[in-house]
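In the working numbering, the protein residues as written are 874 to 1103. Cβ coordinates follow ideal geometry from the N, Cα and C atoms, glycine included. Note that the structure is predicted; figures quoted are calculated from it, not measured.
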């Protein structure tokens, strides 16, 4: 099993606004062919605090494919969706390629958002190059995520470069303030293992965000994830 905690700070400049604070704690447990995760999220901005409770479920199959499912309910309507659900199927690897296809659904007080998504990844040695699109069916807009990751399996370390374009927010944190505007992002994250079972992952992502039509500002995302494996 694993225990994990995370803190995310989102701040802006030129112009700035009150920073957003997000955090979560989660517990995960693996079985022989499945895994389940329970997560409690909290968000705060401008003296408004909301929570989101969600669960993830993974089911592997004999052909090395697996299914991912997610569901969640929140206490508010803005920082988090009122309710959310998602499914994604990861196909059996084909030589050095991995493929996936899925959908995300989020219900807000005054709006519903449906995202279609998938992934194609090419694995070569310790490197993985992946492309993931998101299609917002309500706004008929595409967003794109391109990543390059190097993994050291012996040390269980990861270094990842990520480029994003479109309306999908950082780490797919969709909230009620999302609009169909442009954003360009570049992010870097690194995971380091201490001892046999303690992991630290700092993440930084910079955005050039269109906050109103034709007007751009800087957006800084700083995240720290700490994991303890038992």
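Compare the C-alpha of residue i against each of the options and name the closest.
| i | options | result |
| --- | --- | --- |
| residue 916 | 971, 883 and 1025 | 883 |
| residue 869 | 1026, 1001 and 913 | Outside the shown range of the chain (874 to 1103) lies residue 869, about which nothing can therefore be said. |
| residue 1100 | 885, 1092, 899 and 1093 | 899 |
| residue 912 | 906, 1076, 1016 and 925 | 925 |
| residue 1018 | 1085, 1030 and 1003 | 1003 |
Looking at the unbroken beta strand (DSSP E) that takes in residue i, where does it start and where does it end?
| i | result |
| --- | --- |
| residue 884 | 875 to 886 |
| residue 1072 | 1071 to 1085 |
| residue 1093 | 1088 to 1102 |
| residue 901 | 893 to 903 |
Measuring straight from C-alpha to C-alpha, what distance separates residue i and residue j?
| i | j | result |
| --- | --- | --- |
| residue 977 | residue 989 | 6 angstroms |
| residue 968 | residue 932 | 22 angstroms |
| residue 941 | residue 1011 | 23 angstroms |
| residue 1043 | residue 966 | Per-residue confidence for residue 1043 stands at a pLDDT of 48, beneath the threshold of 50, marking its modelled position as unreliable; the derived number appears in the next sentence. Their Cα atoms are separated by approximately 27 angstroms. |
Tell me whether the beta-carbon of residue i lies closer than 7 angstroms to the beta-carbon of residue j.
| i | j | result |
| --- | --- | --- |
| residue 935 | residue 891 | no |
| residue 1108 | residue 1089 | Nothing can be reported for residue 1108: it is not among the residues displayed for the chain, which extend from 874 to 1103. |
| residue 886 | residue 1091 | yes |
| residue 893 | residue 923 | no |
| residue 1028 | residue 999 | no |
| residue 859 | residue 982 | Residue 859 cannot be examined here, being either before or after the span of the chain that is shown, 874 to 1103. |
| residue 1007 | residue 1020 | no |
Inside the stretch 1002 to 1067 only - beta strand (DSSP E) runs reaching at least 3 residues: 1014 to 1025, 1030 to 1038 and 1056 to 1067
At which residue ranges does the stretch 918 to 994 contain complete beta strand (DSSP E) runs of 3 or more residues, listed in the order of the chain? 921 to 933, 939 to 947, 956 to 963 and 970 to 980
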